[in-house]
Each structure stands twice: as C-alpha cells, then as structure tokens.
C-alpha cells in the first residue's frame, strides 16, 4: 500500500521527462508544450473560421472568447476591460487547455506543477502592477496602497499589510491552481491504487473495493473536468480583479 | 515542502510558452474572432433597430390609412346624404309640380265641362221651349201668350234642373 502510494507520488512529482533528451524537459512541461501546441492549432483554426454565421470549431472558440471578453473582462472592468482581453484571454485558454489535457491519461496537467503556476502568477503580478504604475506613476501607485481617509497613525500598518497582501497574491494564485490540479490527480491515483491492490491480492473485500473504487474514479474524473474549467475561470477572474484594482488604485 | 519550490527549467519553459502564446493570441488569433463578434453584435443591433423603425413606420402608415379610411367613409356618407337630400327635394318639387299641373288640368277640365254644360243647357232650354210650345199648342189648341209660355218653361226647367242636380 505505502509503496504504491509512494510510487504514485513519485509519478506525480516533477522529474525529467526523459533521461536521454539533450534539453531535458520535466514530465509536466512535456505535456504543457503539447497543450500549448494544441491550443495554438485550435485558436489559429478557429480564427480562420470566424464568420458572421458561425459553425463547427468556430462556435466553441467564439463562445469561449465571448465568455471571457464579456463574462469576465467587461463584467469586472467595464467596457474598457475589452482592452485587457488579449492578456486575460491568453491566461484563460492556457490554463483551460492544460487543465483539460491533464484529464486524458497518460497526460499530466501542465498546471499541476508550481513551476508553471508560479510563473504565470508572477506574470499576472508584473502585468497588473505594471498597468497600475503606468496609469498613475510609481509613487502615486505606492501611495494608493493606503486608502485615502486612513488615520495617520494607522497608515504605516495598513501600508505594510497591503504590501504583504500584494506580494502574497502571486503565491496564492499559483498555489490555488497547482493544488487543485495536483490534488485531483492524487485522488484519481489513490482510487487507481485501490483497484490495483484489490486485483493484486484478490480477496473477498476486493469484490466490494473494486467496483466502488471504479465508480469513484469515474465520478472523480467527471468532477476533475468540472474543476479544470472552474479553476481556469477562477484564475482568469482573479487576474481581471487584480488588473481592475490596479486601474482604479486611487478609489 | 519541495512541492512548492518551483523548478527553474519549468519556469523558463513557461516564460517562453507565455511569450509565444500571448503574441500569437494577441496579434493573430484573437483579432479576427473579436472583430467578428463585434461585427455580429453591431449587425444584430442594427437589424433590431431597423426592425423597430419598420414597425414604427408600419404603425404610422396604418394609422394614416385608418384616418384616410375614416375620412373617405365620412365623405361617402356625406355624398350619399347629399344625394338623398337632392333626390328628396327633387321628389317634392316634382310632386308639387305634378300636383299643380294636375290641379290646373282639373280646373281646366271643370271649366270646359261647365262651359259645355252651360252651352248644352242653353241649347236644351231653347229646344224644350220650342217643343213645349208646340206640345202645349197642340194640347190646348190655342196659343198661349208669350208671357205664359215663358213662365211655364221656367217652371219646367227648374224641375228638370233639380232632377239634374240629383
């Protein structure tokens, strides 16, 4: 049991994809690159098929684009949110494709490692602060960390708290996505381990454990598809919220 | 703990992935789609606006036609009414004229009849007088004086006249 779980954790840990490759990718980045290539093919095909009366793959891409552009950008940032769509849309499609690809065995989700999620969260951090600084200047932006009307004696404390909260954002953003994907795969793995063990030492309990584990892994697989979409949405909406906060830093 | 310490190779792969993806999405993939979405939204909005305009125009036309219809109907009623009045007055006029003519005709006829009657009377009177004289002469054998004759004739005539009147 313990060795099987250890094996599962080893399988899910970040390690070189191939010992022999000249440029050694990790197991996660191998699948990440495949997801990115699939995504590129998808969006390029979809953009060539953009018609006033949509059909086929154009429909799916359009629905997703419209969802992010209106359902996330415009809803959170107002009409000017459309300007941020290329960035936020890239985030959404990247996370979504990686999350979904991870649900097709033997692929791993490119977002199931902190190497990916922290990098993208740091990009979000740099972009939203960059937008805020570009809008009102570095010193005013820093000053705006303390809301106007804060009592003077509280201002230093609030400033420190706000600063910490801003620097924690890439961390929480990254961990949230990573932990969801990683935990989902551990759950799936655990029930697979149960099934393997039940088959290996076939006893009376196997008759109960085997079908139940199978049922659970089917249910969890469906749940993971839902989580994949949900986490892409959450990552995207938080990005939009952070950018919106930076645009309206002085309010 | 090693789970949340990122691998630097992975981070570099992701930096490149982000750069490539963002540029391709921003410059090539998204513009046709968003442009088309906006175009479609505009087209739908325009179509709706045009439909609304058409509807308003149709309603206005309908209202106009209704007014025209009512006017036409009122006019027709008026024309008919006028025609009826004209016919009515013509009828009264014609009737009055006819009555008048009939009246005149009747009066003329009565006049003619009376004249005829008077003439006939005069003639009869002469005849009867002569006859009576002759008859009387024959009966009596003597001639009555002219004065007696006349008295007799008048009496007789009065009798005849009263008979005639009945």
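Protein chains in written order, with the numbering used here: chain U, 1 to 251; chain A, 1001 to 1166. Yeah, the Cβ is synthetic: ideal placement off N, Cα and C, and Gly gets one too.
1. Beta-carbon separation of residue 255 (chain U) and residue 1010 (chain A) under 8 angstroms?
2. Does the pairing of the stretch 89-96 of chain U with the stretch 33-50 of chain U give three or more beta-carbon distances under 8 angstroms?
3. Would residue 120 (chain U) pass as an interface residue toward chain A - the criterion being a Cβ-Cβ separation below 8 angstroms?
4. Could you name the residues of the same chain whose beta carbon sits closer than 8 angstroms to that of residue 129 (chain U), not counting the 5 residues immediately before and after it, in chain order?
5. Mind checking which residues open and close the alpha helix (DSSP H) that includes residue 171 (chain U)?
6. What span of residues does the alpha helix (DSSP H) with residue 216 (chain U) cover, start to end?
7. Our contact map puts residue 15 (chain U) next to residue 26 (chain U) with C-beta atoms below 8 angstroms; I'd like the distance itself, whole angstroms only.
8. Rounded to the nearest angstrom, what separates residue 169 (chain U) and residue 138 (chain U) at their Cα positions?
9. Go ahead and label residue 1092 (chain A) buried or exposed: buried means 16 or more other beta carbons lie within 10 angstroms of its beta carbon, across all protein chains shown.
10. Helix, strand or coil for residue 1054 (chain A), going by three-state DSSP, please let me know.
11. Could you tell me whether the Cβ atoms of residue 66 (chain U) and residue 1037 (chain A) are closer together than 8 angstroms?
12. Please check if any C-beta of chain U sits within less than 8 angstroms of the C-beta of residue 1025 (chain A).
13. Helix, strand or coil, according to DSSP, for residue 16 (chain U) in the structure here?
14. Can you tell which of U:180, U:127, U:206 and U:192 has its C-alpha closest to the C-alpha of residue 226 (chain U)?
15. Any idea what DSSP makes of residue 111 (chain U), helix, strand or coil?
16. Closer than 8 angstroms, Cβ to any Cβ of chain A: which residues of the stretch 162-176 of chain U, in chain order?
17. On a Cα-Cα basis, can you pick out the residue from U:243, U:217, U:10 and U:7 that is closest to residue 133 (chain U)?
18. Could you work out which residues of chain A lie near residue 50 (chain U), taking near to mean beta carbons separated by less than 7 angstroms?
19. Taking 7 angstroms as the limit between beta carbons, can you name the residues of its chain near residue 88 (chain U), skipping five residues before and five after?
20. May I ask you to list the residues that DSSP assigns as paired with residue 26 (chain U)?
21. At the level of alpha carbons, what is the spacing between residue 1067 (chain A) and residue 1044 (chain A)?
22. Can you say whether residue 332 (chain U) is buried or exposed, counting buried as having 16 or more other CB atoms within 10 angstroms of its CB?
23. Compare the beta carbon distance of residue 969 (chain A) and residue 43 (chain U) with 8 angstroms and say whether it is the shorter of the two.
24. Could you tell me the alpha carbon to alpha carbon distance between residue 127 (chain U) and residue 1055 (chain A), rounded to whole angstroms?
25. Taking the straight line between their C-alpha atoms, what separation do you get for residue 249 (chain U) and residue 156 (chain U)?
26. Distance check for residue 80 (chain U) and residue 188 (chain U), CA to CA, integer angstroms please.
27. Please list, in chain order, the residues of the stretch 54-70 of chain U that have any C-beta partner in chain A closer than 7 angstroms.
28. Shorter than 8 angstroms from the beta carbon of residue 39 (chain U) to some beta carbon of chain A?
29. With DSSP collapsed to three states, give me the class of residue 1007 (chain A).
30. Which stretch, first to last residue, makes up the alpha helix (DSSP H) that contains residue 87 (chain U)?
31. Run through chain A and tell me which residues come within less than 7 angstroms of residue 94 (chain U), C-beta to C-beta.
32. Using a cut-off of 8 angstroms between C-beta atoms, extract the partners of residue 1042 (chain A) located in chain U.
33. Mind checking residue 59 (chain U): buried by the 16 CB within 10 Å criterion, or exposed?
With the structure as the only source:
1. Nothing can be reported for residue 255 (chain U): it is not among the residues displayed for chain U, which extend from 1 to 251.
2. Cβ pair count under 8 angstroms is three or more, so yes.
3. True, the Cβ-Cβ gap to chain A drops below 8 angstroms.
4. Contacts found: 141, 166 and 246.
5. Residue 171 (chain U): member of the alpha helix (DSSP H) spanning 155-200, first to last residue.
6. Per DSSP, the continuous alpha helix (DSSP H) segment holding residue 216 (chain U) begins and ends at 206-247.
7. Yes, they are in contact, since the Cβ atoms of residue 15 (chain U) and residue 26 (chain U) sit about 6 angstroms apart, within 8 angstroms.
8. Spanning the two alpha carbons is a distance of roughly 19 angstroms.
9. Classification of residue 1092 (chain A): exposed, given that the 10 Å Cβ count is below 16.
10. In the structure shown, residue 1054 (chain A) sits in a helix (DSSP, three-state: H, G or I).
11. Yes; because the gap between Cβ atoms is below 8 angstroms, this pair is in contact.
12. At least one chain U Cβ lies under 8 angstroms of residue 1025 (chain A).
13. Strand, per DSSP.
14. The candidate whose alpha carbon is nearest that of residue 226 (chain U) is U:180.
15. Looking at residue 111 (chain U) - three-state DSSP - the assignment turns out to be coil, as it is neither helix nor strand.
16. The stretch 162-176 of chain U vs chain A, Cβ under 8 angstroms: 175.
17. Comparing Cα-Cα distances from residue 133 (chain U) to each of U:243, U:217, U:10 and U:7, the minimum goes to U:243.
18. Simply 1032, 1033 and 1036.
19. If you ignore the 5 residues before and after residue 88 (chain U), its C-beta comes within less than 7 angstroms of the C-beta of 68, 72, 73, 236, 239 and 240, all in its own chain and listed in chain order.
20. When beta bridges are read from the DSSP output, residue 26 (chain U) appears opposite U:16.
21. CA-to-CA, the gap between residue 1067 (chain A) and residue 1044 (chain A) works out to about 34 angstroms.
22. Coverage of chain U is limited to positions 1 through 251, which leaves residue 332 (chain U) absent and any answer about it impossible.
23. Given a span of 1001 to 1166 for chain A in the structure shown, any question on residue 969 (chain A) remains unanswerable.
24. Each residue's alpha carbon lies about 49 angstroms from the other.
25. Their backbone Cα atoms lie some 18 angstroms apart in a straight line.
26. Looking at the two C-alpha atoms, the distance is approximately 42 angstroms.
27. For the stretch 54-70 of chain U, the set of residues with a beta-carbon nearer than 7 angstroms to any beta-carbon of chain A comprises 61, 62, 65, 66 and 69, in chain order.
28. Taking CB atoms only, residue 39 (chain U) has a neighbour in chain A less than 8 angstroms away.
29. For residue 1007 (chain A), the secondary structure class from DSSP, reduced to helix, strand or coil, is coil.
30. Its alpha helix (DSSP H) spans residues 85-101.
31. Per Cβ cutoff of 7 angstroms: 1021.
32. Around residue 1042 (chain A), no beta-carbon contact reaches into chain U at under 8 angstroms, the shortest distance being about 10 angstroms.
33. Exposed: under 16 other Cβ atoms inside 10 Å.
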